[in-house]
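Protein chains in written order, with the working numbering: chain A, 71 to 687; chain B, 71 to 687.
This is the structure:
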């Protein structure tokens, strides 16, 4: 061993001992005939003191930043203590040292606040990884990994490895494929998830399975997606939805405790998908703050179970007489949504104009923004004063649950866009008001997703979660007893499949989906019906998923599970929304590893062995 | 939850309690008006008793093998106890039951001793996995995984994930490649190991890294190889070979303790590669038994440091006068090797003939076998009596360390073949004599491998371990100061590189290499010299490994590591030499997953997106 201690280990208690350290030179500071060197390793920094006697040797072998040095000496109490670091009370009075390896001048200094920009960081990732900021992220990642494994182990889960070279069954995302040399003309696929394997393991009786495992999707990379990513993948047999929710909120609470020392003792809040869409405008609401969306007028077909918004009368959709007005924007809009921004009633004209510009940006795409100031004195002031008398403004503000001092922001238009815009505006206002705190963590279960979406262009149903998700038990009959085909695609909402809810659940943390799963279909007949609903022929279903359908014939137990997005979970726990800094060697948005310069060309010999060639467009 | 207890949980202490179980029907036994059902899950088997009152219901819903059943009832003390299973004192007096899922008749019964043959097992792997034998293997695998992680965690190792989509750098084995859609005409490779990444992590200061990780090699599959396999991959910085040996023999001892409850307290034996070849004829000797190989005559060039075998005189190679004889087989042979099979002196003619046939099989390839019976009365009897008088037979037997009662087996011929044949014969005799016990475990470190082998056809050096392995510290100068090129390939043994020993080590368990590694090169100049020795041009080295050479310029610490073959380690601990039964979903010898029917064809759309096409020979 090149050292007796690490650079984070020594304390005043070791004063007088002779020790050997090894590490990297962080800084060199000369003061006349003595030199201080901060020596760094994974565990910390220790100050080395080179006094007069070593001067000649130091001059002959000068130390530079990032040199790798071994130093032996005596642990000394410092005269100038540094309370900011754990080793700050001591220094090493060096008696011998050697340079284990030199370093060129790094392209950026290895410090918390200098990273040289994204391109340089990625090219020199091995240097970037030395920075404290990145190191802390990887340490956190390992801590989450360890905590999850411990919890799952204690709950009888078994880590069982599933294969990486599998079969391409394009459903949903695009597969990465691997040409097979031994089976010319054929390809493996890399798994998008171990979904079917973990279900087979349930059929095999393994009962409680988990894996922290790489998955692959060949998708165009939106910001903060990676072609390879990691899941905490879990499955249980003989369970109902409630068992899964209990087990895995327990897992996340354990991670909070182990990694962040947070006692998350309250039961995780649960809302339905419909409530999420209704109250937050999206299916992964951030509930660290309120500002719930008020539906002032809503399209009849989307939420048939809802009734009464200020512009709707009961469920018959007639205009609310009390709010009759000439304001055609609201009158003609499909939907009108509002939020009450707390304490913003005194926004200036400049501020409200700026917000109006914000919602008109192409990414948001609204035509304008109506606001109602709920003054602290109980009066109301609005950008649509001339259409609505104060009593009507009050009715609108009340509907938005506004308090005196709040600013009500109202958006109107096409349902889907308006809902998304209001959701975005809610998040934006929360950011501006400091309500999205990195160190506050709010979990949420979103339940009862629709089983299907309808792809109008393709005139077929699409599985919202995936084709293995079970409908709610009381809706299995609806699925079995109705043919999935629809003559008129525009009337899909009238088809009974539209209303089938899935036994599916997402776990949301601070407005990010960190995990999701479902109770699975385990009956061959129902699974075949599902494949048919998705437009798969019997032959296609057998070709792609014959092994699973076959397995369901030999005693498949009821089962379900979920998968956590490990990269994202770590990022959020680390107070970041970028997963890239929590991955040791990430790829850029073109799927390239710029350090390796991969992907790259292959040899002619490889093409020949694989019996493929390029066919560039 | 569908159950209150598992099928392995109930004991006499629970008698009287009302419980619910769920599991698979193992057997149904009817006795008049009552029926016994063995219900099985991952945790065990519990006997269900259906009495008269449930008869009508059972007749209406008959239970078959592998049906999935939920049963509620009262825990009863059995009249007929079964001491062979932990739940054998009780049974469940069923009051209610339901069939959760039916099962077709399985293609083989789910029992320890019936597996339906290899093809059927693999096609119905989900049923095969239900068998106790396979389940125990996967449980052992998980136990090894858990034990390794715990040990490494306690020793400050961090699990850091390295990428799967990397760059193809064909060196040694063949890469699997993955066409990149976003970078048309370019390919990723799947990692053969995370070798360069773990070295970069050392450069980055992570100090102690591990991963239990899938690796990929596109090789023609010899028996018991898999195209994807798992390594326990480890690396440490600031270490010398001794540190690595200590750390990782500790790991294996910990696994022995946790998984097999074996206290392996003695220091693991160490031998050099040369001793292994000399005494056992191979580099992964099984030391559960002796029968070391005696070198009666050996080629001068191969072991220049050895001297004196019975047919060699000193180091000058002259024939030993005392053994002069007309026996041309020994006289003309390049090498003569012998083992003494303990207690076999009374082998019959039939037995010795059979052994002679065994060594003449094409897989062994020897022309014949000479034997010397060391009779218990002190006399000697041999198949070459007419060439050697008894005193000479005694000299040969003594050289082979034979005791009275042993049978000396002598092989002669070309060095390489004879050495391998003697090694094989040694293993065969040990098997026949019951000396290779599945429940005995003997570890061995093999050290000081040659750094290079010479590929005469290509006229270049080949790294015996891999190109990142460091020479012994005192031989670095030999490497740096000599040009690798050789004018006359046949004289490669005279080149100084022939004698360079690597700082490399293999861990051997019961005659299997379970792990191997090395201290790495961390100096750019030495690494460049290594690439040059392997026949790589500077451009090629930069193209393939520029990132690593670059990293070595910025303060690379001394480091080293090793990787365990996880599949093989599990198999040996499980008392098997076949890794396939320790992998949940293995591939066959053509690299196919017969359950999935993978690999398979891909869609035209996929070809088009990837801009490749088939080019079948």
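Glycine is no exception: its CB is placed at the ideal position from the N, C-alpha and C atoms.
Go ahead and pull the three-state DSSP assignment for residue i.
i, result
"residue 303 of chain A", "strand"
"residue 535 of chain A", "coil"
"residue 90 of chain A", "strand"
"residue 615 of chain A", "helix"
"residue 287 of chain B", "coil"
"residue 514 of chain B", "strand"
"residue 146 of chain B", "strand"
"residue 403 of chain A", "coil"
"residue 392 of chain B", "Low per-residue confidence applies at residue 392 of chain B: pLDDT is 49, beneath 50, and the placement is therefore not dependable, though the value from the model is reported in the following sentence. Residue 392 of chain B falls in the helix class under three-state DSSP."
"residue 380 of chain A", "coil"
"residue 387 of chain A", "In this predicted model, residue 387 of chain A has a pLDDT of only 39, less than 50, meaning its place in the structure is not dependable; the value taken from the coordinates is given anyway. Coil at residue 387 of chain A, not helix or strand."
"residue 523 of chain A", "strand"
"residue 638 of chain B", "helix"
"residue 487 of chain A", "helix"
"residue 351 of chain B", "coil"
"residue 105 of chain B", "strand"
"residue 77 of chain B", "coil"
"residue 588 of chain A", "strand"
"residue 504 of chain A", "coil"
"residue 119 of chain B", "strand"
"residue 562 of chain A", "helix"
"residue 543 of chain A", "helix"
I'd like to know whether the C-beta atoms of residue i and residue j end up nearer to each other than 8 Å.
i, j, result
"residue 603 of chain B", "residue 522 of chain B", "yes"
"residue 518 of chain A", "residue 456 of chain A", "no"
"residue 495 of chain A", "residue 479 of chain A", "yes"
"residue 288 of chain A", "residue 245 of chain A", "yes"
"residue 71 of chain A", "residue 338 of chain B", "no"
"residue 512 of chain B", "residue 292 of chain B", "no"
"residue 617 of chain A", "residue 284 of chain B", "no"
At 7 Å on the CB atoms, spell out the chain A contacts of residue i, in chain order.
i, result
"residue 132 of chain B", "The contacting residues do not exist; residue 132 of chain B stays about 14 Å from chain A at best."
"residue 178 of chain B", "Ordered by position in chain A, no residue passes the 7 Å Cβ test against residue 178 of chain B, which lies about 11 Å from the chain."
Using the beta-carbon of each residue, which ones in chain A are nearer than 9 Å to residue i?
i, result
"residue 667 of chain B", "237, 613, 616 and 617"
Taking C-beta pairs closer than 9 Å, name the residues in chain B that residue i reaches, listed in chain order.
i, result
"residue 313 of chain A", "71 and 72"
Taking C-beta pairs closer than 8 Å, name the residues in chain B that residue i reaches, listed in chain order.
i, result
"residue 215 of chain A", "229"
Counting only Cβ pairs nearer than 8 Å, list the residues of chain A close to residue i.
i, result
"residue 232 of chain B", "654 and 655"
"residue 593 of chain B", "171"
"residue 212 of chain B", "228, 229 and 230"
Would you please state the rounded distance, in angstroms, between the beta carbons of residue i and residue j? I believe it to be under 8 Å.
i, j, result
"residue 663 of chain B", "residue 155 of chain A", "Not a contact, Cβ separation roughly 53 Å."
"residue 659 of chain A", "residue 192 of chain A", "With a Cβ gap of about 11 Å, residue 659 of chain A and residue 192 of chain A do not count as contacting."
"residue 280 of chain A", "residue 318 of chain A", "In fact, because the Cβ distance is near 11 Å, the residues do not count as touching under 8 Å."
"residue 165 of chain B", "residue 86 of chain B", "The pair is not a contact, with the Cβ atoms about 13 Å apart (cut-off 8 Å)."
Which bits of chain B does residue i rub up against, with CB to CB less than 7 Å?
i, result
"residue 681 of chain A", "684, 685, 686 and 687"
Is it the case that the CB of residue i approaches a heavy atom of the ligand NAP more closely than 7 Å?
i, result
"residue 434 of chain A", "No copy of the ligand NAP occurs in the structure displayed, which carries no ligand at all."
Is there contact here, the region 353-372 of chain B with the region 465-473 of chain B, by at least three beta-carbon pairs under 8 Å? yes
Please confirm if the region 159-167 of chain A is in contact with the region 71-87 of chain A, defined as three or more CB-CB distances below 8 Å between the two stretches. Yes, since at least three Cβ pairs between the region 159-167 of chain A and the region 71-87 of chain A fall closer than 8 Å, the two stretches touch.
Is the region 639-646 of chain B close to the region 197-204 of chain B, with three or more CB pairs under 8 Å? no
The region 578-597 of chain A touching the region 540-555 of chain A, judged by at least three CB pairs closer than 8 Å: yes
Indicate whether the contact test is met: 3 or more Cβ pairs, each with one atom in the region 84-97 of chain A and one in the region 105-122 of chain A, closer than 8 Å. yes
Could you say if the region 647-655 of chain A and the region 320-336 of chain A meet the contact criterion of at least three C-beta pairs nearer than 8 Å? No contact exists between the region 647-655 of chain A and the region 320-336 of chain A.
Is the number of C-beta pairs between the region 674-681 of chain A and the region 305-319 of chain A that are closer than 8 Å three or more? no
Okay, do the region 498-514 of chain A and the region 397-408 of chain A touch, 3+ Cβ pairs below 8 Å being the bar? At 8 Å Cβ cutoff, the stretches do not touch.
Assess, as a yes-or-no matter, whether the region 175-183 of chain A is touched by the region 116-130 of chain A under the definition of 3 or more beta carbon pairs within less than 8 Å. As far as the Cβ criterion goes, the region 116-130 of chain A does not touch the region 175-183 of chain A, which means the pair count is below three.
Taking 8 Å as the cut-off, does the region 617-632 of chain B touch the region 261-281 of chain B (at least 3 CB pairs, one atom from each stretch)? Because the criterion of three Cβ pairs below 8 Å is met, the region 261-281 of chain B and the region 617-632 of chain B touch.
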